[in-house]
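A.B. asks: Got a structure for you, questions after.
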Amino acid sequence: MESTATRIDWIGSGCRLLKATAAEFERTRPFDGLSIGTGIHLEPKTVALLMTLRAGGARLICTGNLNSTQPSTVEFLRAQGITVFATLTTDAAAHHQSLEAVIAERPDLLLDNGGDLFAIAVEKPFANLLGGTEETTSGRTRLLPMRARLNMPILVINDSPIKQFAENRHAVGQSLFESYLRFTNRSTNGKRVTVFGYGACGKGTAACFRNAFSTVSVVDIDPVTTLEAHLDGFVTPLRDAAIRSADILITVTGFPAIVTAADLPLLKDGAILMNGGHFPLEIDFEAFWRHPDVAGIDRYEAEHIETFRLKDGRSFHVLGRGHMANLAGPRPLGNSAESMDLGFTLQARCLERIAKGEAGAEACVVPVPSNIDAMVASAYLDLWR
594 MESTATRIDW IGSGCRLLKA TAAEFERTRP FDGLSIGTGI HLEPKTVALL
644 MTLRAGGARL ICTGNLNSTQ PSTVEFLRAQ GITVFATLTT DAAAHHQSLE
694 AVIAERPDLL LDNGGDLFAI AVEKPFANLL GGTEETTSGR TRLLPMRARL
744 NMPILVINDS PIKQFAENRH AVGQSLFESY LRFTNRSTNG KRVTVFGYGA
794 CGKGTAACFR NAFSTVSVVD IDPVTTLEAH LDGFVTPLRD AAIRSADILI
844 TVTGFPAIVT AADLPLLKDG AILMNGGHFP LEIDFEAFWR HPDVAGIDRY
894 EAEHIETFRL KDGRSFHVLG RGHMANLAGP RPLGNSAESM DLGFTLQARC
944 LERIAKGEAG AEACVVPVPS NIDAMVASAY LDLWR
């Protein structure tokens, strides 16, 4: 007999480790009596994580991130009786209201992505907050100066070696490459690509575009990291030369103002700009709109592309308004199910550790404990051997 299934079903069937963890949590119930507030991309892979946490007894209060909330995911979660404060928006003020609404529910644990929820909680503290997790490098950078005020266990998923190689290096590189094709329907063969940032995400991105027959340059502010890129076989020109030569510019640094309006004289005619970092700040999209050298802007609405026409006759294109490209644009897919299965199982196990009171305030903005890494790695290998 035939039945109709959804993308949420398809993704869930690929998250084998989360399914096994959910089955365990149904027996052990580590989150009984606790609520978890989440601020993370609301898309099908997140559903697999949230259902795992709910299997462990958690009451969930959820919101998403800027420009990545998928309405079908929100509809599904609400149908499951989960409280969701989220809409698909690029309006930072509207998004902040959703974050405030999550914190107003006074959750016992937070699952954060970019430090948004913890930044509000530190200004509006409440006694029952036990701690939680932070997904990203951007969030870690944001929360580190607040450690003394936070004074609670916050485990940083991005600092796990599993997250670094499975998701950041392998999956982000693949998904940004796929997203470039999805946005543009243009080739990479023979193109000159400049990747800003040679952390784990930059390594994967550079490798995927090189494997797709592009000539790849890498720009990083750290000379040791730049040397690594050089020894890995990438071109490592000075920044201005790397911009001038590029047909495609990709930012994956986690820091703001990587490509700005000051770089407009350097951009090659027809250059395509895309961002893979968490916040839409690496490419200064708003400054491009205001710049006097911009003579006009063409918007390809269905493709989520803006073309900026300069007074000197050059033009350049920005994908997804500078938002995280693999979760923006037409049919956003994000990272692979298998990579998120690993990363989200780290999330679930870290929240379990905090819920059980097995991590104290000394674990404030610190990496995932190594024994959790080992547990998750072993479990994943057992499933796939």
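When you read off a place in the sequence shown, starting at 1, and then add 593, the result is the number in our numbering. Where is the CB? At the ideal position from N, CA and C, for every residue including glycine. None of the values given here were measured: they were computed from a predicted structure.
Roughly how many angstroms lie between the CA atoms of ARG622 and GLY650, to the nearest whole one?
C.D. replies: Their backbone Cα atoms lie some 5 Å apart in a straight line.
A.B. asks: So which of ASN868, SER807, ALA855 has the shortest CA-CA distance to ALA880?
C.D. replies: Considering only alpha carbons, the answer is ALA855.
A.B. asks: By how many angstroms is the C-alpha of ASN778 removed from the C-alpha of PRO738?
C.D. replies: Straight-line Cα distance between these residues: approximately 42 Å.
A.B. asks: Could you check the C-alpha separation between ALA941 and ILE898 for me, to the nearest Å?
C.D. replies: Straight-line Cα distance between these residues: approximately 36 Å.
A.B. asks: By DSSP's criteria, ILE909 is part of a beta bridge. Which residues make up the other side?
C.D. replies: A small fix is needed here, since residue 909 is Phe in this sequence, not Ile. In DSSP, PHE909 forms a bridge with ALA864, PHE901.
A.B. asks: CB-CB under 7 Å to THR938, same chain, minus the five flanking residues each way: which ones, in chain order?
C.D. replies: Once the five neighbours on either side are set aside, the close Cβ partners of THR938 are LEU610, LEU611, THR614, VAL969.
A.B. asks: State the DSSP-derived secondary structure class of ARG785, mapped to helix, strand or coil.
C.D. replies: Looking at ARG785 - three-state DSSP - the assignment turns out to be strand.
A.B. asks: Look up ASP705 in the DSSP assignment and give the residues it is bridged to.
C.D. replies: DSSP output for ASP705 lists GLY632, GLU727 as bridge partner(s).
A.B. asks: Buried or exposed for TYR893, going by 16 or more other Cβ atoms inside 10 Å?
C.D. replies: The residue is exposed, with fewer than 16 neighbouring Cβ atoms inside 10 Å.
A.B. asks: Kindly indicate which three-state DSSP category ILE841 falls into: helix, strand or coil?
C.D. replies: Here ILE841 sits in strand by DSSP.
A.B. asks: Taking all protein chains shown into account, decide if GLN767 is buried (16 or more other Cβ within 10 angstroms of its Cβ) or exposed.
C.D. replies: Buried, by the Cβ-count rule.
A.B. asks: Do ASP752 and PRO960 count as a contact pair if the criterion is CB distance below 8 Å?
C.D. replies: Going by C-beta atoms, PRO960 is nearer than 8 Å to ASP752.
A.B. asks: Look at VAL809 and ARG803 and say whether their C-beta atoms are less than 8 Å apart.
C.D. replies: A contact, by the Cβ cut-off of 8 Å.
A.B. asks: Give a yes or no on whether the C-beta atoms belonging to ARG735 and ALA714 are separated by under 8 Å.
C.D. replies: Their beta carbons are not under 8 Å apart, which means ARG735 does not touch ALA714 by this criterion.
A.B. asks: Just confirm the distance between the C-beta atoms of GLY630 and VAL695, as a whole number of angstroms; I'd bet it's less than 8 Å.
C.D. replies: 4 Å between Cβ atoms; contact.
A.B. asks: When you compare the CB positions of GLU931 and GLY605, do they come within less than 8 Å of one another, or not?
C.D. replies: Result no, Cβ atoms of GLU931 and GLY605 do not sit closer than 8 Å.
A.B. asks: Start and end of the alpha helix (DSSP H) containing ASP975?
C.D. replies: Start and end: 963-977.
A.B. asks: Whole angstroms are fine: how far does the CA of ILE601 sit from the CA of ARG907?
C.D. replies: So the alpha carbons of these two residues sit roughly 43 Å apart.
A.B. asks: Apply the 10 Å Cβ neighbour rule to ASN782 and answer buried if 16 or more other Cβ atoms are within range, or exposed otherwise.
C.D. replies: Answer is exposed; the Cβ neighbour count stays below 16.
A.B. asks: Can you check which of these residues, GLU617, LEU659, PRO664, is closest to VAL640 by C-alpha distance?
C.D. replies: Closest option to VAL640, Cα to Cα, is PRO664.
A.B. asks: What are the residues that DSSP puts in a beta bridge with VAL667?
C.D. replies: Answer is none; VAL667 lacks a bridge partner.
A.B. asks: Hey, would you say VAL845 sits closer than 8 Å to GLY863, going by beta carbons?
C.D. replies: Going by C-beta atoms, VAL845 is not nearer than 8 Å to GLY863.
A.B. asks: Applying the 10 Å Cβ sphere with the 16-neighbour rule, what's the burial state of GLU924?
C.D. replies: At residue 924 the sequence reads Arg, which differs from the Glu that was named. So ARG924 counts as exposed.
A.B. asks: In the DSSP assignment, the alpha helix (DSSP H) including PRO816 goes from what residue to what residue?
C.D. replies: Segment 816-824, the alpha helix (DSSP H) holding PRO816.
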